[in-house]
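Numbering (my numbering), first residue to last: 1 to 486.
Glycine included, each C-beta is placed from N, C-alpha and C at the ideal position.
What follows is a set of notes on a single structure, which appears directly below.
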């Protein structure tokens, strides 16, 4: 990330935000001791497991300044500064990166499912409108579909996000789109970023192991959207989720709604086209993938462009065919369009995926899926219930078991499968499960391999092993063939 940054006095950086022991010129700020260089100011985040050990490491590597978020519990033999919270840290970074008066629109997308697909399509539409746009999220930092940098988290660190925003400003990028996860909100990784708009895509159950309850998870999502609106930003939300409407019912400001009925923009499928209607105006697009969730996410994009940038609905006719969808979202593994991979790893996401796949299925709908280890255990039986409700045959298998035993994860999933477990095949080895499912395909059948989508690894016992659902499926299809239809 090549940024041109002017050195600044520590007093100027923290003035009105925190306190410091003595003044000193800051030439570089680093929040990762693995990348810290002699002379750097070390920014110590509040959630680190061993703050003292990290500060000691920074000192050993030659840090000249320590900037702590929260209280500093020890006296240090160098210049120190203390900021009370992450908001103050974010404001300091706005000063450091000289983005306090920046005009590049910053759009945050939150939701249980749909963040990545919406971010992908919105980035493409913004690039069509402005000439350029970036996005950050599950797939990484995207300058284009062919220029992606892995950042490790759906919502990267506070430092990285402010750095990327500063780069977008220096390079005159048209807009920046950020996926905002529930972790990113609660850990305040988005503090002080100048969001001009927020999109809330869906609401299901995920990450309750961190939030404690569904109500806390819902409040977390709502807090981000409310904050954007309170800062005079625009919110675009899914009207088909009553709990989203309830959570934002009392919010005063620019809140717009999309859905299949009674919304500011309504979407419908008409034969092979997807149509969007705003009052008396209507536009139909012919190049939207078959999945209804793609149509729904595109409705959010259309409404955002209208409400924030006043783009006429008719403009989307000219863009028809230029808006794609991301890898691993009901993606066919080859031209046969019989086997699909999908990232769905929540009950709601899996349901929507299978409902869309059912529209492509003439005979049986087959499913390979699993649940991740060391994550929200409450969603496991819910995913099991969805699997047996919407698929005709299921292969229950591994999906990033992490430190848990696959047998224990499968036992949790089976609790939601009731009395129809005769159509469930338990195959703990994911490669074998995919091979068996592919071998079972008959004419008119469709197979969905869910849970990993674009992911290129399988996480087992702390190690990320190379993995590709797509490669496994193609290998199995080569081995067993695809049953030709007469």
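First through last residue of the alpha helix (DSSP H) which encompasses residue i
{"i": "residue 306", "result": "292-309"}
{"i": "residue 384", "result": "379-390"}
{"i": "residue 163", "result": "158-170"}
{"i": "residue 116", "result": "115-130"}
{"i": "residue 511", "result": "No information on residue 511 is available, as it lies outside the stretch 1 to 486 that the chain covers here."}
{"i": "residue 97", "result": "Counting along the chain, residue 97 falls outside any alpha helix (DSSP H), and DSSP gives it neither H nor E."}
{"i": "residue 475", "result": "469-480"}
{"i": "residue 109", "result": "That residue, residue 109, is in no alpha helix (DSSP H); its beta strand (DSSP E) goes 106-110."}
{"i": "residue 44", "result": "First-last for residue 44: 41-44, but that is the beta strand (DSSP E), not the alpha helix (DSSP H)."}
{"i": "residue 228", "result": "214-230"}
{"i": "residue 315", "result": "315-319"}
{"i": "residue 235", "result": "First-last for residue 235: 234-238, but that is the beta strand (DSSP E), not the alpha helix (DSSP H)."}
Range covered by the beta strand (DSSP E) that runs through residue i
{"i": "residue 425", "result": "424-426"}
{"i": "residue 443", "result": "Element bounds for residue 443: n/a, residue is neither H nor E."}
{"i": "residue 277", "result": "273-278"}
{"i": "residue 173", "result": "Where residue 173 is concerned, there is no enclosing beta strand (DSSP E), given that its DSSP letter is neither H nor E."}
{"i": "residue 285", "result": "281-285"}
{"i": "residue 269", "result": "265-270"}
{"i": "residue 254", "result": "254-259"}
{"i": "residue 79", "result": "79-83"}
{"i": "residue 368", "result": "365-369"}
{"i": "residue 342", "result": "339-342"}
{"i": "residue 393", "result": "393-396"}
{"i": "residue 51", "result": "From DSSP, residue 51 is part of no beta strand (DSSP E) but of the alpha helix (DSSP H) over 51-60."}
{"i": "residue 136", "result": "134-137"}
Supposed contact pair residue j and residue i - C-beta distance, whole angstroms, cut 8 Å
{"i": "residue 15", "j": "residue 23", "result": "Going by Cβ atoms, the distance from residue 15 to residue 23 rounds to 11 Å, so no, they are not a contact pair."}
{"i": "residue 13", "j": "residue 96", "result": "6 Å"}
{"i": "residue 99", "j": "residue 200", "result": "Residue 99 to residue 200, Cβ: 25 Å. No contact."}
{"i": "residue 137", "j": "residue 116", "result": "6 Å"}
{"i": "residue 314", "j": "residue 340", "result": "Their Cβ separation, rounded to whole angstroms, is 33 Å, which puts residue 314 and residue 340 out of contact at 8 Å."}
{"i": "residue 72", "j": "residue 17", "result": "With 8 Å as the limit, residue 72 and residue 17 do not qualify as a contact, their Cβ atoms being about 15 Å apart."}
{"i": "residue 86", "j": "residue 216", "result": "In fact, because the Cβ distance is near 19 Å, the residues do not count as touching under 8 Å."}
{"i": "residue 436", "j": "residue 427", "result": "6 Å"}
7 Å CB neighbourhood of residue i in its chain, flanking five on each side removed
{"i": "residue 7", "result": "25, 26, 27"}
{"i": "residue 66", "result": "42, 44, 55, 58, 76, 78, 80"}
{"i": "residue 359", "result": "290"}
{"i": "residue 179", "result": "109, 115, 116, 119, 136, 137, 138, 154, 155"}
{"i": "residue 374", "result": "402, 403, 404"}
Cβ-based neighbour list, residue i, same chain, cut-off 6 Å, excluding 5 preceding and 5 following
{"i": "residue 251", "result": "226, 229"}
{"i": "residue 62", "result": "38"}
{"i": "residue 293", "result": "352"}
{"i": "residue 317", "result": "283"}
{"i": "residue 263", "result": "239, 257"}
{"i": "residue 518", "result": "Because residue 518 is not part of the residues shown, which for the chain are 1 to 486, the question remains open."}
For residue i, the nearest candidate out of the options (CA to CA)
{"i": "residue 308", "options": "402, 203, 196, 275", "result": "196"}
{"i": "residue 415", "options": "440, 403, 380, 405", "result": "380"}
{"i": "residue 158", "options": "269, 45, 101, 242", "result": "45"}
{"i": "residue 69", "options": "55, 78, 438, 77", "result": "55"}
{"i": "residue 121", "options": "423, 297, 165", "result": "297"}
{"i": "residue 31", "options": "156, 404, 123", "result": "156"}
{"i": "residue 402", "options": "107, 457, 257", "result": "457"}
{"i": "residue 470", "options": "386, 176, 368, 420", "result": "368"}
{"i": "residue 168", "options": "4, 267, 29, 245", "result": "4"}
{"i": "residue 74", "options": "178, 52, 464, 462", "result": "52"}
{"i": "residue 332", "options": "453, 311, 260, 313", "result": "453"}
{"i": "residue 231", "options": "107, 439, 20", "result": "107"}
{"i": "residue 91", "options": "372, 180, 161", "result": "161"}
{"i": "residue 324", "options": "94, 124, 33, 89", "result": "124"}
{"i": "residue 177", "options": "142, 448, 171", "result": "142"}
{"i": "residue 214", "options": "33, 198, 280, 243", "result": "243"}
{"i": "residue 399", "options": "451, 412, 147, 405", "result": "451"}
{"i": "residue 366", "options": "374, 375, 387", "result": "387"}
Chain B within 9 Å of residue i, Cβ atoms only
{"i": "residue 23", "result": "Absent from the structure: chain B. Only one protein chain is present."}
Backbone CA spacing between residue i and residue j [nearest angstrom]
{"i": "residue 434", "j": "residue 479", "result": "12 Å"}
{"i": "residue 385", "j": "residue 377", "result": "14 Å"}
{"i": "residue 145", "j": "residue 287", "result": "18 Å"}
{"i": "residue 425", "j": "residue 390", "result": "15 Å"}
{"i": "residue 221", "j": "residue 185", "result": "8 Å"}
{"i": "residue 362", "j": "residue 328", "result": "23 Å"}
{"i": "residue 163", "j": "residue 29", "result": "11 Å"}
{"i": "residue 275", "j": "residue 265", "result": "10 Å"}
{"i": "residue 465", "j": "residue 9", "result": "45 Å"}
{"i": "residue 189", "j": "residue 474", "result": "39 Å"}
{"i": "residue 104", "j": "residue 173", "result": "7 Å"}
{"i": "residue 481", "j": "residue 349", "result": "29 Å"}
{"i": "residue 128", "j": "residue 149", "result": "21 Å"}
{"i": "residue 113", "j": "residue 345", "result": "9 Å"}
{"i": "residue 194", "j": "residue 302", "result": "22 Å"}
{"i": "residue 461", "j": "residue 279", "result": "54 Å"}
{"i": "residue 47", "j": "residue 430", "result": "35 Å"}
Beta-carbon proximity list for residue i, same chain, < 8 Å, skipping 5 on both sides
{"i": "residue 392", "result": "364, 365, 366, 423"}
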